[in-house]
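Engineer:
Residue numbers (the numbering used here): 3 to 126.
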């Protein structure tokens, strides 16, 4: 019947629009005035933590290429959490650090006009 086919269409649309990095979700589409990188929570964490960040519109009011990169204490890149075009809005990314050892890590938000780094602690 109609409800079943509608459910299939919705499911296909969700799959089609799924981001390349499935750990990021947009939690607010209001157009923010500025970029922001929030402190991860929980912190300390084991094994997952959430990182909330805000992307403001670029000069052309288009999407911005956005990266969140995780570094260890030595400054070595351990993982790219996000690397994609994002519309202005507020997002939350989840980092699963199950395969990494306890210690201090840094996460850096990089966009066209903005970059910020924060510290987090993994305790196993």
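All residues carry an ideal CB built from backbone N, CA and C; glycine is no exception.
(1) Could you round the C-beta distance between residue 84 and residue 26 to whole angstroms and report it? I think they count as a contact, below 8 Å.
(2) Select from 35, 100, 99 the residue whose C-alpha is nearest the C-alpha of residue 59.
(3) Starting from the Cα of residue 86, find the closest Cα among 112, 116, 103, 78 and give me that residue.
(4) Looking at C-alpha atoms only, which residue of 110, 66, 120 is the closest neighbour of residue 33?
(5) Return helix, strand or coil for residue 102, following the three-state DSSP convention.
(6) With a threshold of 7 Å on Cβ separation, who are the neighbours of residue 39 within its own chain once the five nearest residues in sequence on each side are excluded?
(7) Excluding the 5 residues preceding and the 5 following residue 50 in the sequence, name in chain order all residues of the same chain whose CB lies nearer than 6 Å to its CB.
(8) What is the DSSP secondary structure of residue 130, counted as helix, strand or coil?
(9) Short check: CB of residue 107 to CB of residue 122, under 8 Å?
(10) Where do the N-terminal and C-terminal ends of the beta strand (DSSP E) with residue 69 fall, by residue?
(11) Between which two residues does the beta strand (DSSP E) containing residue 54 stretch?
Structural biologist: To lay it out plainly:
(1) 5 Å
(2) 35
(3) 112
(4) 66
(5) coil
(6) 55, 111, 118, 120
(7) 96, 98
(8) The requested residue 130 does not occur in the structure, where the chain is confined to residues 3 to 126.
(9) yes
(10) 66-74
(11) 50-57
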